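Going down the list, the protein sequences come from chains A and B.
The first sequence lines up with residues 1 to 225 when you count with the working numbering.
The second sequence lines up with residues 226 to 450 when you count with the working numbering.
There are 2 protein chains.
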Amino acid sequence: MPGHFTFFSEEIENGVARFGESESKHMVQVLRFSLGDEVWCSDGKGNRYLVELDFISKKEVKGKVVQTLTVDAPEFTLVVGVLKSTDRMEWLLEKTVELGLKRLIWVACDNSERSKIFLDKLMKTCVSAMKQSHGAWLPILEHMNFKDALDQYGEGAFFAHCTDGLHYSASDLKSDSVVFIGPEGDFSAHEIRLAQENGLKELQLGSRILRTETAAIAACAAANL
Amino acid sequence: MPGHFTFFSEEIENGVARFGESESKHMVQVLRFSLGDEVWCSDGKGNRYLVELDFISKKEVKGKVVQTLTVDAPEFTLVVGVLKSTDRMEWLLEKTVELGLKRLIWVACDNSERSKIFLDKLMKTCVSAMKQSHGAWLPILEHMNFKDALDQYGEGAFFAHCTDGLHYSASDLKSDSVVFIGPEGDFSAHEIRLAQENGLKELQLGSRILRTETAAIAACAAANL
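Here's what the structure looks like:
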């Protein structure tokens, strides 16, 4: 639906959609929607709603759902080493949410230069990207250590690292694949050995050395398109 | 060659590589290379050189080429509507140079919010991306109007726009494809008609609305990987 704007509502019950303060401000003060107008919104859980606005205040807007569409869920999962730059993590999310992302697990790797991340802030980027791309699904974001990610998501997963001559390539990816991507400086030799011992499929993405976020976006594009 | 740093030298003649001021500073003052050390560099024209440093000053470093590798040229061409944000144009270039880009033509479109761009600054981003990814090719950057781009690059090209039900998809892209991607707000109805009249292949990249730079990176990934 190009040309339409998609809003986000966390609270849709009994045919009534409620919009929080920042969405309401944007809708009314910036985009000048008013009573009786129809807007598209999503709940981030696969539904798109056409809503007729019937209550407007400074902090809240509500409306009646007049049409509901359900959208197929993205199936692609990424497990990505925590990056030094929050900007690059946000870009990675923006692009992969646009392309189709079910779940992203941030892992603290041997070569990650930090361990702390703010999932709330990253989720805001996902909300923006979902709205921008007229999507209907927010990804699940998690944060865990490498070993737990291997245990939970390693089965059948691809493991991309910067060694030449790996067996699998982008054309082996499917829309429901799980792909591990290392942080700046790649996975450590120890992590690569663990992945090999767990039977992960070693994946090479082209002949050049890709940055983490480039590799993640490229894998997501290859899997989805 | 992960782990190595790749430098850029515009001047390699008779087996001697010369590095300009900023490369020299980075090499000597930041990375602490000294006389007799070997460094990898590229000329951006398909060659990678191993160079033994034999002259170091504050503004210039020189060395003797001791090994030369040639690298296959990327073949993928993008024709992209000028974006409002320089950041997003730089990101687009960084990612597509990593993935493999022969040429990028920026076009002033009906929906482009500006026409002026700085190719010199954008080329610096390409140099960084080439170095970072241990590549050996810099793309050709051009800037022209939409009609000229159609005339020069339209034959056999793909034309991505945000309409549903287009005939071609990402799986039709080849490594030497030419892909037109619209600016924010997409190509105008007039531009779409011109492309249709010129026989361009209308391309749909998935089911969601992608931002310009996401579409460009996704097409480049699909074509190269």
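Backbone N, C-alpha and C define an ideal beta-carbon position, used for all residues, glycine too.
Source: prediction; values computed, not measured.
So is residue i in contact with chain E if we call contact Cβ pairs under 8 Å?
i, result
"B/Trp265", "This model lacks chain E altogether; the protein chains it does include are A and B."
Compute the minimum distance between the beta carbon of residue i and the heavy atoms of the ligand ADP, and state whether it is under 7 Å.
i, result
"A/Asp151", "You won't find the ligand ADP in this model; it holds no ligand whatsoever."
Can you check DSSP and say which residues form a bridge with residue i?
i, result
"B/Phe244", "B/Val286"
"B/Glu367", "B/Ile330"
"A/Gln132", "DSSP, once it has assigned bridges, lists no residue as partnering A/Gln132."
"A/Val82", "DSSP lists no partner for A/Val82."
"B/Tyr393", "B/Leu428"
"B/Gln292", "B/Leu275"
"A/Val127", "A/Val127 is not bridged to any residue."
Taking the straight line between their C-alpha atoms, what separation do you get for residue i and residue j?
i, j, result
"A/Gly199", "A/Pro74", "25 Å"
"A/Ser112", "A/Phe180", "14 Å"
"B/Arg339", "B/Gly360", "31 Å"
"B/Thr439", "A/Ala221", "9 Å"
"A/Phe5", "B/Asp389", "17 Å"
"A/Gln234", "B/Arg433", "Lying before the first or after the last residue shown, residue 234 of chain A is absent from chain A, which here runs from 1 to 225."
"A/Ser188", "A/Leu210", "16 Å"
"B/Cys266", "A/Gln132", "40 Å"
"A/Arg48", "A/Thr86", "30 Å"
"A/Cys109", "A/Phe146", "6 Å"
"A/Asp37", "B/Gly271", "57 Å"
"B/Val519", "B/Gln421", "Because residue 519 of chain B is not part of the residues shown, which for chain B are 226 to 450, the question remains open."
"B/Asp268", "B/Glu235", "6 Å"
"B/Lys283", "A/His26", "53 Å"
"B/Asn239", "B/Met369", "36 Å"
"A/Val97", "B/Asp397", "23 Å"
"B/Leu363", "A/Tyr153", "38 Å"
Looking at residue j and residue i, is the spacing between their C-beta atoms short of 8 Å?
i, j, result
"B/Glu416", "B/Thr437", "no"
"A/Ala223", "A/Ser169", "no"
"A/Leu99", "B/Gly431", "yes"
"B/Leu305", "B/Val332", "Note that residue 305 of chain B corresponds to Val in the displayed sequence, not to Leu. Closer than 8 Å, so yes."
"A/Glu142", "A/Ile117", "no"
"A/Leu50", "A/Gln67", "yes"
"A/Glu90", "A/Leu122", "yes"
"A/Ser175", "A/Phe19", "no"
"A/Leu101", "A/Leu69", "no"
"A/Lys124", "A/Phe158", "no"
Report the CB separation of residue i from residue j in whole angstroms; it is logged as a contact under 8 Å.
i, j, result
"B/Phe258", "B/Val352", "That belief does not hold up - the Cβ atoms of B/Phe258 and B/Val352 are roughly 19 Å apart, past 8 Å."
"A/Ser24", "A/Val61", "4 Å"
"A/Leu150", "A/Leu83", "At roughly 19 Å, the Cβ-Cβ gap does not stay under 8 Å, so A/Leu150 and A/Leu83 are not in contact."
"A/Lys64", "A/Val16", "6 Å"
"A/Leu35", "A/Ile56", "6 Å"
"B/Gly407", "B/His386", "6 Å"
"B/Ile365", "B/Arg328", "4 Å"
"B/Ala354", "B/Glu380", "About 28 Å; that fails the 8 Å criterion."
"B/Leu450", "A/Ala218", "6 Å"
- Contact set between the stretch 200-214 of chain A and chain B, restricted to residues whose Cβ is under 9 Å from the partner: Closer than 9 Å at the C-beta level to chain B, one finds these residues of the stretch 200-214 of chain A: Leu205, Gly206, Ser207, Arg208, Ile209, Leu210, Arg211, Glu213 and Thr214.
- Pull out every residue of the stretch 357-376 of chain B whose Cβ sits closer than 8 Å to any Cβ of chain A, in chain order. The stretch 357-376 of chain B vs chain A, Cβ under 8 Å: Gln357, Ser358, His359 and Gly360.
- Quick one, which residues of the stretch 393-412 of chain B are near chain A if we go by CB-CB under 8 Å, in chain order? Cβ contacts with chain A: Ser394, Ala395, Ser396 and Asp411.
- What residues in the stretch 96-116 of chain A bring their beta carbon closer than 8 Å to a beta carbon of chain B? Near chain B, meaning a CB-to-CB distance below 8 Å, the residues of the stretch 96-116 of chain A are Glu98, Leu99 and Gly100.
- Message: Under 9 Å, CB to CB, which of the residues in the stretch 268-296 of chain B have a partner in chain A?
- Response: Under the 9 Å Cβ criterion, the stretch 268-296 of chain B contributes Val296.
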